[in-house]
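Colleague: Sequence lines, in order, name chains H and D. Each residue of the first sequence is one higher than the one before, starting from 107 at the first, in the working numbering. Each residue of the second sequence is one higher than the one before, starting from 185 at the first, in the working numbering. Below you will find the structure I want to go over with you.
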Amino acid sequence: MKIIFDQSAIDLSLNGKNYKAVLDNKTVDVEVIHSENGKVDLLIDGKHIIAYVSSDGAKRWVTVDGRTFGLNKSLNAKQRNVSHEHASELVAPMPGQVRSVNVKENEMVSKGQTLLVLEAMKMEIRIQAPRDGIVKELMVKVGQTVEREQILVKMENG
Amino acid sequence: MFSKILIANRGEIAIRIMRACKELGIQTVAVYSEADRNAPHVQFADEAILIGDSSPNESYLNIDKIIDAGRRTNAEAIHPGYGFLSENASFAAAVDSAKLTFIGPSADSIRAMGDKAQSKIRMKRAGVPTVPGIEGIESLAEFKRAAKEIDYPVLVKAAAGGGGKGMRVVNTDSEMSESLEAARREASNAFGDDRLLIEKYLSDAHHIEFQVLGDQHGNLVHLFERECSVQRRHQKIIEESPSLLLTPKLRKEMGEAAVAGAKAVGYFNAGTVEFIVDPVAMKYYFLEMNTRLQVEHPITEFVVGLDLVQWQIRIAVGEKFPFTQKDFSQRGHAIECRVYAEDPANGFLPSTGKLLQYIEPRGPNIRVDSGFTAGNEVTHFYDPLLAKLIVYGENREVAIQRMQSALKGYVVHGVITNIDFLQDVLAHNDFKRGDVSTRWVETKFNWKPSEPSFESLIAAAIADQTIINRQSSITNSNGPDPFSPWKNPSGFRN
Chain H
107 MKIIFDQSAI
117 DLSLNGKNYK
127 AVLDNKTVDV
137 EVIHSENGKV
147 DLLIDGKHII
157 AYVSSDGAKR
167 WVTVDGRTFG
177 LNKSLNAKQR
187 NVSHEHASEL
197 VAPMPGQVRS
207 VNVKENEMVS
217 KGQTLLVLEA
227 MKMEIRIQAP
237 RDGIVKELMV
247 KVGQTVEREQ
257 ILVKMENG
Chain D
185 MFSKILIANR
195 GEIAIRIMRA
205 CKELGIQTVA
215 VYSEADRNAP
225 HVQFADEAIL
235 IGDSSPNESY
245 LNIDKIIDAG
255 RRTNAEAIHP
265 GYGFLSENAS
275 FAAAVDSAKL
285 TFIGPSADSI
295 RAMGDKAQSK
305 IRMKRAGVPT
315 VPGIEGIESL
325 AEFKRAAKEI
335 DYPVLVKAAA
345 GGGGKGMRVV
355 NTDSEMSESL
365 EAARREASNA
375 FGDDRLLIEK
385 YLSDAHHIEF
395 QVLGDQHGNL
405 VHLFERECSV
415 QRRHQKIIEE
425 SPSLLLTPKL
435 RKEMGEAAVA
445 GAKAVGYFNA
455 GTVEFIVDPV
465 AMKYYFLEMN
475 TRLQVEHPIT
485 EFVVGLDLVQ
495 WQIRIAVGEK
505 FPFTQKDFSQ
515 RGHAIECRVY
525 AEDPANGFLP
535 STGKLLQYIE
545 PRGPNIRVDS
555 GFTAGNEVTH
565 FYDPLLAKLI
575 VYGENREVAI
585 QRMQSALKGY
595 VVHGVITNID
605 FLQDVLAHND
615 FKRGDVSTRW
625 VETKFNWKPS
635 EPSFESLIAA
645 AIADQTIINR
655 QSSITNSNGP
665 DPFSPWKNPS
675 GFRN
């Protein structure tokens, strides 16, 4: 059984009552002492590990020894590559409201230039051009409420 | 004593104030917005009144609705907490006119200190050192001229402001226009007042503030300092008391200046006089006075052993202090970490979502003031503060170790938090030496999140195999906890 989180593939197989896990060419023996809602209690090669794990769709939250990591589970080994070389879409990093739109369509912009400003949680968030280019399409207006991941601006390389 | 108090706030501070009320045998009234229907502060109160939509202007900033809720529930007093209406003189005046008691200073004191330009002038007159700067200018040209005069970098900030809002550091002439505009807009949104002032930006300074407490009979004491130099975006993230930087002589001088400044505006109730301290010249300057309870008040409570919120209530009732300045001393060391729903790897952008897991640390001398529980939604409407983690130790080293251990026991899933970031600040040598200025985070602390550990990846895979995968084959309609990330609790070995 292969489980893939982001760039890491973990091979799990049953080995008697325990699991054999292989990650980055390292093989360990895993004994599951206890597993319950959101928490697993393990012996990894004899070392006691308590891990808090939550799932939200493909997303995993894992806390071990006070460190929390966000992982994304892949459904198959092929990773989709969504980033394009010549075009890019700038999305809202969080829900909020569009305070100002500082550019027009077809305008040339330079890397780091503020394209528009969002307001969320009483703060201003500047959406800046990731590289030099042309504003192809403005997808939002001033005053509009936007959701997380909503496309704000489509850009094209200059 | 009052028999019923309305708390005009939300989150952790509303709960903290209700605790003090309960200890004093006072009934509590919560107010809440649509977004906070299921919030812990609503459940914790004896009564709760829905005051409006989620947007703060429709609810927590709406003076009429809050006073109306106070009248309807026969509350005798209103505690404003911090933020929202806490430093709004019109609110304090409106509470008075409604024949309710405002738990805080007089509307006049709030007005005098609320205007950052006016307060600077008053403090100069009272003999308190202030930061070089210019007040009362408006046009871009005037700001540019002023900046040249006091020399870049400069700080433009809201005259009516506080809490890091409506504030911009300007490094060069060319940045002035955009920064002024942004600061004006933020100031106007946050305080309804877009006047700005300009002052010298001391780039390597410490932020050290003094807690003051006055009764309504002319007695005013200070309760020593809080070192608040670990900041991001002009907002504090770690505070401690005492400060490693202050000598006994400087501490005494600054304490006396804080008391003199507060007395100059006839101050009573709890307040905080903020200073910036130049660590090389060992000089201090008045920054502003916050005329309210401060977020970081618990570290003072640990070190001086006084319950500040109880005293706020006692002062409002009219009680006279049974103590004087010489009754107070600093004992041990306290540290507070602010646990924010934000992403330190991505410009500290707030993170929203449902709390899939939320586990707070416990132990001796560990205090958690929080406003969330598992299943709650962290929305974009309000400040992203999840909780404050406060620890006490016999000395700084013990307190740091206790904080590190407590943070390890904190589990938050569903939103990104700054917990790992806080942990790495505490472990840094500069922090251990107390060598951290207000710009340390942005200029020196080059933080990167760590890669997922080997153990975490193995554990996630095991959890997937033993719990999550089983969920899909089982109907998930009868789980005992509607917020549980997994509906099937069966262990692997069963």
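Using N, Cα and C, we set each Cβ at its ideal position, and we do this for glycine too.
#1: Show which residues of chain H have a CB atom less than 8 Å away from the CB atom of Lys592 (chain D).
#2: Would you check if the distance between the CB atom of Glu520 (chain D) and the CB atom of Ile483 (chain D) is smaller than 8 Å?
#3: For Ser387 (chain D), count neighbouring Cβ atoms within 10 angstroms of its own Cβ and tell me buried if that reaches 16, exposed if not.
#4: Could you check which residue in H:Gln113, H:Pro199, H:Asp135 and H:Thr169 has the C-alpha nearest to that of Arg232 (chain H)?
#5: Between which two residues does the beta strand (DSSP E) containing Ala232 (chain D) stretch?
#6: From which residue to which residue does the beta strand (DSSP E) around Pro360 (chain D) run?
#7: State the CB to CB distance for the pair Ile150 (chain H) and Ile642 (chain D), rounded to an integer number of angstroms; the pair is presumed to be in contact (CB under 8 Å).
#8: Where does Glu458 (chain D) sit, in a helix, a strand or coil, going by DSSP?
#9: At a CB-CB cut-off below 7 Å, which residues of chain D make contact with Glu230 (chain H)?
#10: Give the secondary structure of Leu244 (chain H) by DSSP, where H, G and I count as helix, E and B as strand, and everything else as coil.
#11: Whose C-beta lies closer than 7 Å to the C-beta of Gln256 (chain H) among residues of the same chain, with five residues either side of it excluded?
#12: Short of 8 Å in beta carbon distance, which residues of its chain neighbour Ser513 (chain D), apart from the five on each side in sequence? Order them along the chain.
#13: Any Cβ of chain D within less than 8 Å of the Cβ of Ser119 (chain H)?
#14: For Leu641 (chain D), go through chain H and note every residue whose CB falls closer than 7 Å to its CB, in chain order.
#15: Near Ser180 (chain H), which residues of its chain fall below 8 Å by C-beta distance, leaving aside the five closest residues on each side in sequence?
#16: By a C-beta neighbour count over all protein chains shown, 10 Å radius and 16 as the cutoff for buried, is Lys184 (chain H) buried or exposed?
#17: Three or more beta-carbon pairs under 8 Å between the region 445-454 of chain D and the region 391-400 of chain D, yes or no?
#18: Determine, using beta carbons only, whether Phe375 (chain D) and Gly350 (chain D) come nearer to each other than 8 Å.
#19: In three-state terms, what does DSSP make of Ile156 (chain H)?
#20: For Ile233 (chain H), decide whether its Cβ has a neighbour in chain D, counting only Cβ atoms nearer than 8 Å.
#21: Using the DSSP secondary-structure output, state which residues sit across from Thr212 (chain D) in a beta bridge.
#22: How many Å lie between Phe470 (chain D) and Pro506 (chain D) at the Cα?
#23: Between Phe459 (chain D) and Ile392 (chain D), how many whole angstroms is the CB-CB distance? I'm expecting something under 8 Å.
#24: Shortest alpha-carbon distance to Ala301 (chain D) belongs to which of D:Ile210, D:Ser239, D:Glu424 and D:Val315?
#25: If I follow the unbroken alpha helix (DSSP H) through Ile483 (chain D), where does it start and stop?
#26: Give the C-beta separation of Val146 (chain H) and Ala647 (chain D) to the nearest angstrom, bearing in mind that I take them to be a contact with Cβ-Cβ under 8 Å.
#27: Taking 6 Å as the limit between beta carbons, can you name the residues of its chain near Phe408 (chain D), skipping five residues before and five after?
#28: If the cut-off is 7 Å on Cβ atoms, which residues from the region 145-173 of chain H count as contacting chain D, listed in chain order?
#29: Which same chain residues, not among the five before or five after Asn630 (chain D), have their C-beta less than 7 Å away from its C-beta?
#30: Check whether chain D comes within 8 Å of Pro201 (chain H), counting only Cβ atoms and requiring the distance to be less than that.
#31: Have a look at Val575 (chain D) and Glu424 (chain D) and give me their C-alpha separation to the nearest angstrom.
#32: I'd like the span of the beta strand (DSSP E) that includes Arg173 (chain H), first residue to last.
#33: Listing by chain order, which chain D residues have their CB less than 7 Å from the CB of Ser216 (chain H)?
#34: Any Cβ of chain D within less than 8 Å of the Cβ of Arg237 (chain H)?
#35: Does the beta carbon of Ala647 (chain D) sit closer than 8 Å to a beta carbon anywhere in chain H?
#36: Determine the chain D residues that contact Gly176 (chain H) at a beta-carbon separation under 8 Å, and present them in chain order.
Modeller: Well, looking at it:
#1: Asp171 and Gly172
#2: yes
#3: exposed
#4: H:Pro199
#5: Glu231 to Gly236
#6: Note that residue 360 (chain D) corresponds to Met in the displayed sequence, not to Pro. No beta strand (DSSP E) contains Met360 (chain D), which is instead part of the alpha helix (DSSP H) from Met360 to Phe375.
#7: 6 Å
#8: strand
#9: Ala366 and Glu370
#10: strand
#11: Val197 and Ala198
#12: Val488
#13: no
#14: Phe111, Ser114, Ile116 and Leu129
#15: Ile110, Phe111, Asp112 and Ala164
#16: Because Lys184 (chain H) carries a pLDDT of 42, less than 50, the predicted location of this residue cannot be relied on, and the following value inherits that uncertainty. Lys184 (chain H) is exposed by the Cβ-count criterion.
#17: yes
#18: yes
#19: strand
#20: no
#21: D:Ile189
#22: 29 Å
#23: 5 Å
#24: D:Val315
#25: His481 to Val488
#26: 5 Å
#27: Gln514
#28: Val146, Leu148, Ile150, Ile155, Ala157, Tyr158, Val159, Ser160, Ser161, Asp162, Arg166, Trp167, Val168, Thr169, Val170, Asp171, Gly172 and Arg173
#29: none
#30: yes
#31: 10 Å
#32: Arg173 to Ser180
#33: Neighbours of Ser216 (chain H) on chain D: none; closest Cβ ~14 Å, over 7 Å.
#34: no
#35: yes
#36: Ile600
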